[in-house]
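Worksheet: one structure, shown below.
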Amino acid sequence: MITVVTLNPALDKIYFVDGFKVGSMFRVKNIIKSAGGKGINVSRVLSVLGAQVFTSGFLAGDTGKWICDSITSHGIENSFIWVDGETRTNINVIDNTCMTETEILEFGPFIKEADICSYLSNLKDILKRTKVLICTGGLPDGIPVDFYKTLLDMAKPLGIKTILDASGDTLKEGIKAGPDFIKPNLRELSYVYGKSISSKEDIIKACVCILDSGVGSVIASMGAEGAIMADKSSIMHIKPPGINAVNSIGSGDSMTAGVAFGLLNGYSREDMMKLGTACAVSNTQFMEIGMISLKSIEEYKNNCKIEYYENYDA
């Protein structure tokens, strides 16, 4: 089973507004509403891939109930700690005339110490049947910055494979637990590396440096250019097929899901990354965030290209 930590879920709303600009009033032409947050996006893709997936975190209020009902309807097993307040809503305004996307992200509810203790107790039981643990997304107010490190440290003695997809100091602290995989984008990679990144050589050097801190593998996400994956045995650039994107939001989460599915099923590094990349590409063909088509996955996998690199000193 793959367990996905989803501490700060959200109700995602996509508004389609042509000619959007600040300070004006608009009629929304179309709305897409879905359960969101990085962990739920990952869980939904894993469910489509056919994995047994379990997600847990914190929910609150009527919005939280809607999210819980939504992911349950997708066949995703879940166990959330219910807290005071209201689960957040994220709004994405898409202007197809000007080809722009504007995101407005709410804060989630405050998490009390008692809620944290309840969550840790709940997760301890869930980990007994977990093969892969994914810690992804931002932390709600009240959660300490090293919380992912705490969860990763719980998983390690149980032989659970771990994936960390976070940012800022949350990522820095989580790395101290030595996760099997981290999946930063270039901004996050630069923050951890402590230097600016302006070339492929810089990306590789940053990955190698982070490997020296005890991380098993680094997957540096490069958007439409694919990803560079580095571990102690190889460095490769996985290049996706050229596809016109309908909506790129959630593609990084889809890649995480594909990698986790490959890790669970013993795929080679190459096949794991091809699947992750294919999932990311497939996600771009849907307006709903964190959605893929199984029919297209094989085609996208077969059209991925891999280029290998020599090691660089950090």
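2 is the number of the first residue of the sequence shown in this note's numbering; add one for each residue after it. Backbone N, C-alpha and C define an ideal beta-carbon position, used for all residues, glycine too.
query: For Met-237, which residues does DSSP report across the bridge?
result: Met-230 and Tyr-309
query: To which residues does DSSP link Asp-166 through a beta bridge?
result: Thr-137
query: For the putative contact between Phe-182 and Ile-112, defined by C-beta atoms under 8 Å, what is the C-beta separation to the nearest angstrom?
result: Rounded, the Cβ-Cβ distance is 26 Å, inconsistent with contact.
message: Let's test the definition: count the other Cβ atoms within 10 Å of the Cβ of Gly-253 and tell me whether it reaches 16, buried, or not, exposed.
response: buried
- request: Kindly indicate which three-state DSSP category Lys-275 falls into: helix, strand or coil?
  value: helix
message: On a Cα-Cα basis, can you pick out the residue from Leu-152, Val-29, Ser-35 and Thr-4 that is closest to Gly-291?
response: Ser-35
message: In the DSSP output, what is Gly-251 paired with across the bridge?
response: Looking at the DSSP assignment, Gly-251 forms no beta bridge with any residue, so it has no partner.
- request: Just grab the DSSP bridge partners of Lys-34 for me.
  value: Lys-14
field: Per-residue burial, Ala-115 [other beta carbons within 10 Å of its own, 16 or more giving buried]
entry: exposed
message: Could you compute how far the alpha carbon of Met-274 sits from the alpha carbon of Leu-264?
response: 10 Å
field: Rounded separation between Gly-215 and Ser-25 - CA only
entry: 51 Å
task: Would you give the residue range spanned by the alpha helix (DSSP H) that Arg-28 belongs to?
output: First-last for Arg-28: undefined, no H or E at that position.
field: For Ile-176 and Gly-195, the rounded distance between their alpha carbons
entry: 14 Å
- request: Under 8 Å by Cβ, that's how I've got Ser-222 and Asn-186 pegged, so tell me the actual separation to the nearest angstrom.
  value: 5 Å
Burial state of Glu-104 (16 or more Cβ within 10 Å): exposed
Segments of 4+ residues assigned as alpha helix (DSSP H) that fall wholly inside the region 69-149: 114-127
field: 6 Å CB neighbourhood of Ala-61 in its chain, flanking five on each side removed
entry: Val-84, Gly-86, Glu-87, Thr-88 and Pro-110
field: Phe-55 (DSSP reduced to helix, strand or coil)
entry: strand
Helix, strand or coil at Val-216 [DSSP, three-state]: coil
Pairwise C-alpha distance: Asp-13 and Ser-71: 12 Å
Nearest residue (CA-CA) to Val-286, options Pro-242, Met-2 and Glu-311: Note that residue 286 is Gln in the sequence shown here, rather than Val. Answer by Cα proximity: Pro-242.
- prompt: Are there 16 or more other CB atoms within 10 angstroms of the CB of Pro-145, so buried, or fewer, so exposed?
  reply: exposed
message: Does the region 197-205 come into contact with the region 218-238, if we say contact requires no fewer than three beta-carbon pairs (one atom in each stretch) closer than 8 Å?
response: yes
query: Counting along the chain, where does the alpha helix (DSSP H) carrying Ile-41 start and finish?
result: 39-50
- prompt: Roughly how many whole angstroms lie between the Cα atoms of His-238 and Leu-190?
  reply: 16 Å
field: Beta-carbon proximity of Ala-11 to Asn-93, cut-off 7 Å
entry: no
- prompt: If Pro-180 and Leu-165 are in contact, beta carbons under 8 Å, what's the gap, nearest whole angstrom?
  reply: 4 Å
- prompt: Thinking just about the alpha-carbon of each residue, which of Leu-152, Gly-138, Met-155 and Leu-134 is nearest to the one in Lys-162?
  reply: Leu-134
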